[in-house]
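Here the UniProt record's numbering is used: the first residue of the sequence shown is 1, the next is one more, and so on. No residue lacks a Cβ here, since even glycine has one placed at the ideal position from N, Cα and C. This report concerns only the one structure given below.
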Amino acid sequence: MSGETAEDCVETMNNFKSSGIGSILNLSVEVDLNESELALQTPVEIRKRFNANADSVARQISTCILTASALAKSFADIKITALSSPFLLQQVSSNLTAFQTAFGNLPQDQNGKISKEEFGQLANLLPGISCIRGSQNAVVEQLFQEADQDQDGRVDWVDIAYTVSLNRDETRSLFAIASKTNASSATIPGHSNDDLDDYRRLLTRIETLCDQAAATQTRLMIAAEQTYFQPAIDNLVLHFQEHFNRALGPDEPLIYNTYQMYLKDALDRLCRDYTRSQRNGFILAAKLVRGAYMVSERKRAHELGLPDPICDGIHATHASFDAGVDFMLERIARGQDKGAKEVPSRLPLPACSSVVLVVASHNKDSVIRTCRRMQELGLAPKSSTVMFGQLTGMCDQVSYTLARYSYEIYKCVPYGPIHHTVPYLIRRAQENSSVLGGVAVECSLIVQELRARFVARLSHAQIQTAPAVSASSTTLMQQ
Ligand SMILES: Cc1cc2nc3c(=O)[nH]c(=O)nc-3n(C[C@H](O)[C@H](O)[C@H](O)COP(=O)(O)OP(=O)(O)OC[C@H]3O[C@@H](n4cnc5c(N)ncnc54)[C@H](O)[C@@H]3O)c2cc1C
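Here's what the structure looks like:
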C-alpha cells in the first residue's frame with residue numbers, strides 16, 4: 001500500500017515518473033456479499049445504506065481521478081462493486097446470464113444468429129414484456145429492427161445485448177417485475193422497480209466519474225472482480241466504452257475493461273466484445289490479467305456444486321493468457337493497415353487503432369513473449385497501443401527494464417483506509433504464497449505492511465477518508 005489517501009501516493013507516483021513509469025492510482029475499496037449484514041435491517045434501510053456508501057466511495061474515486069489527472073497520462077482504477085450494492089450486481093449478473101442462456105437455447109445458424117420469430121420468443125421471456133399494454137408486437141418488431149443493423153433479417157447475441165439492455169432508458173423496464181404474478185411466470189427473473197432505480201443511480205455515478213475523467217483526460221481502468229458480479233460489470237463497461245472511447249481522439253480511449261484470462265470463457269468474451277466494438281465503432285481497450293480470485297472462486301464453486309469457472313491447471317491459464325495477448329496484438333497490427341475492418345459497423349470506426357492492450361502480469365515469460373510478438377508484428381515499444389501493468393512492490397526489476405527500453409509501463413499504486421484494504425492485501429498474500437514461491441520476500445513485505453498498519457491503528461492513528469487534493473500536491477506532480 002502506498003498510503004491511506006490519494007495524496008499519500010503523490011511521492012511514489014512522482015518517483016515512478018522520473019524513471020519513465022506511469023501510475024494506475026487505485027483506491028482499494030471493494031465490497032463482497034455478506035448475507036449476515038442484511039439480517040438486522042429492513043430492505044429500505046439496506047438500500048439507503050448501500051446508496052449512501054456508494055455515493056461516498058464515488059466522491060473518493062473523484063478525488064482519485066483528480067490526483068491521477070495531475071500527472072500526465074495516469075490511470076485511475078475503479079472497482080464497480082464499491083459503487084453499488086453487491087446484491088444488486090449479483091442479481092443483475094444472474095439475470096443477464098439467464099437472458100444469454102435463453103438466447104443460447106434457441107436454434108442458431110452458422111453465424112450464431114436467430115430469426116425474427118425466435119427473437120420474439122426470446123423477448124417474451126423478459127419479465128417486463130407482459131406489462132406493455134396493447135402494442136407488445138409493435139415493441140418487439142421495433143426492437144428487432146433496431147438490433148438487426150445489417151438488415152439481413154437475423155440477429156446475434158452482440159446485436160441483442162446492445163439493443164435490449166438495462167443500460168438503455170428505452171428498454172430497462174423490460175427487466176422489471178411489475179407484480180408477484182409476473183415474477184413467478186417469467187423465465188428470466190426480473191428486478192423490482194426499487195432495484196431498477198438503484199441501477200439508474202449506479203449508471204449516474206459511473207457517468208459522472210467518466211465525465212470527470214474525460215474532462216481531465218485521465219483514463220479509467222475498471223477492475224475485474226468475482227464471476228458472480230462480472231456479467232453486470234461487463235455490461236456496464238461496454239456501455240460506457242461505447243460512449244466514451246471516442247472521446248479523447250486518436251489512440252486515447254478513456255475506459256479500459258479487464259479480462260481475467262484464467263476463466264474458461266475469457267477468450268470467447270474478448271472476441272465477442274471485439275466484434276461489438278467493431279460494429280458500434282468504439283475502441284476496445286482491454287487489460288488482460290490471469291486473475292486474482294482463484295482461491296475464493298474455486299472454494300465457492302465447490303461449496304455450491306457449480307462447475308469450476310477457472311481453467312484446468314496453470315498451463316491452461318497460461319495458454320488462455322497467451323491466446324488473448326496474440327488475439328489483441330494481431331488486431332492492433334492489422335489496424336495499422338489502414339481501413340482493415342472485419343465486421344460491418346453501425347458507426348464509423350476511429351481512424352486510429354480500434355484496439356488497445358494492457359498486459360498486466362508479473363510473469364517474466366509473458367512480458368518477454370509480448371515484447372517478442374510486438375517486434376515480429378512491427379509494433380514499436382512506444383506505440384500507445386500496447387502497455388504493461390504491474391503492481392507496486394512486485395516485479396520492480398521487470399518494470400524498470402521495460403521503461404528503460406521505452407515500453408509503456410504502469411505501476412498500480414494502491415491506497416485506502418486499512419479496514420477497506422485488508423481484502424486486497426490478503427489476496428496479494430494468497431497470490432504470492434500459493435503461486436509465486438520465488439517471491440517470498442514480497443510476501444513477507446505484505447505481512448509486514450498489514451502488521452505495521454494494524455499497529456499504527458492500535459496506537460490511535462486516525463483512519464481518514466480520502467481528502468480533497470491540496471493545490472501544493474497537484475503543483476508538485478505537474479513539475
Ligand atoms: C496492474 C494489474 C492490475 C490487475 N488487475 C486485476 C483485476 O482487475 N482483476 C483481477 O482478477 N486480477 C487483476 N490482476 C491480476 C492479479 O492480481 C495477479 O497479479 C495475477 O493473476 C498474477 O498473474 P501473473 O500473470 O502475474 O503471474 P503467474 O505467476 O504467471 O500466474 C499466476 C496466476 O495464474 C493463475 N493460476 C495459478 N494456478 C493456477 C491453477 N492451478 N489453475 C488455473 N490457473 C492458475 C492465477 O490467476 C494466478 O494468479 C492485476 C494485475 C496487475 C499487475
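May I ask which residues mark the beginning and end of the alpha helix (DSSP H) holding Asp194? Taken as a continuous stretch (DSSP letters only), the alpha helix (DSSP H) holding Asp194 covers Asn193 to Thr216.
Is any heavy atom of ligand 1 found at a distance shorter than 7 Å from the C-beta of Leu220? no
Measuring only from the beta carbon, is Met294 closer than 7 Å to any heavy atom that is part of ligand 1? yes
Would the C-beta of Ser366 count as close to ligand 1, meaning under 7 Å from any of its heavy atoms? yes
What's the C-alpha gap between Ser19 and Leu288? 24 Å
Just the C-alpha distance for Cys64 and Asp194, rounded to the nearest angstrom, thanks. Cα to Cα, Cys64 sits roughly 30 Å from Asp194.
Quick one: does the C-beta of Val355 sit closer than 7 Å to a heavy atom of ligand 1? False, no ligand heavy atom lies under 7 Å from that Cβ.
Indicate whether Leu267 and Ser354 have their beta-carbon atoms separated by less than 8 Å. no
Starting from Ile61, trace the alpha helix (DSSP H) in both directions and tell me its first and last residue. Pro43 to Ser69
Whole angstroms is fine: what's the gap from Arg298's alpha carbon to Gln151's? 43 Å
Can you determine whether any heavy atom of ligand 1 sits closer than 7 Å to the C-beta of His362, and answer yes or no? Yes, the Cβ of His362 comes within 7 Å of a heavy atom of ligand 1.
Hey, Arg290 and Tyr262 are a contact pair by Cβ (cut 8 Å); roughly how many whole angstroms apart? 5 Å
Hey, how far is the Cα of Cys271 from the Cα of Ser277? About 10 Å.
Assign Gly335 to one of two classes, buried (16 or more other C-beta atoms within 10 Å of its C-beta) or exposed (fewer than that). buried
Whether Leu209 touches Ser406 by CB criterion (8 Å): no
Take residue 487 as the anchor and find which of Val57, Leu96, Ala72 and Arg246 has the nearest alpha-carbon. With the chain covering only 1 through 479, there is no way to say anything about residue 487.
Mind listing, in chain order, the continuous beta strand (DSSP E) runs of no fewer than 3 residues lying wholly within the segment 258-302? If only uninterrupted beta strand (DSSP E) runs of at least 3 residues are considered, those enclosed by the segment 258-302 are 284-289.
Could you compute how far the alpha carbon of Cys311 sits from the alpha carbon of Thr317? Taking the straight line from one Cα to the other gives about 6 Å.
Using CA coordinates, which residue listed in Arg168, Phe175 and Asp148 is at the minimum distance from Ala98? Phe175
Our contact map puts Leu126 next to Ile188 with C-beta atoms below 8 Å; I'd like the distance itself, whole angstroms only. That pair is a contact at about 6 Å.
Per DSSP, which one or two residues make a beta bridge with Ser389? Note on residue identity: the sequence assigns Gly, not Ser, to residue 389. When beta bridges are read from the DSSP output, Gly389 appears opposite Ala360 and Tyr410.
For Tyr162, write down the residues that DSSP places opposite it in a beta bridge. DSSP output for Tyr162 lists no bridge partner at all.
Please classify Ala351: is it buried, with 16 or more other beta-carbons within 10 angstroms of its beta-carbon, or exposed? Caution applies to Ala351, whose pLDDT of 46 falls short of 50 and renders its modelled position unreliable; the model cannot decide the point.
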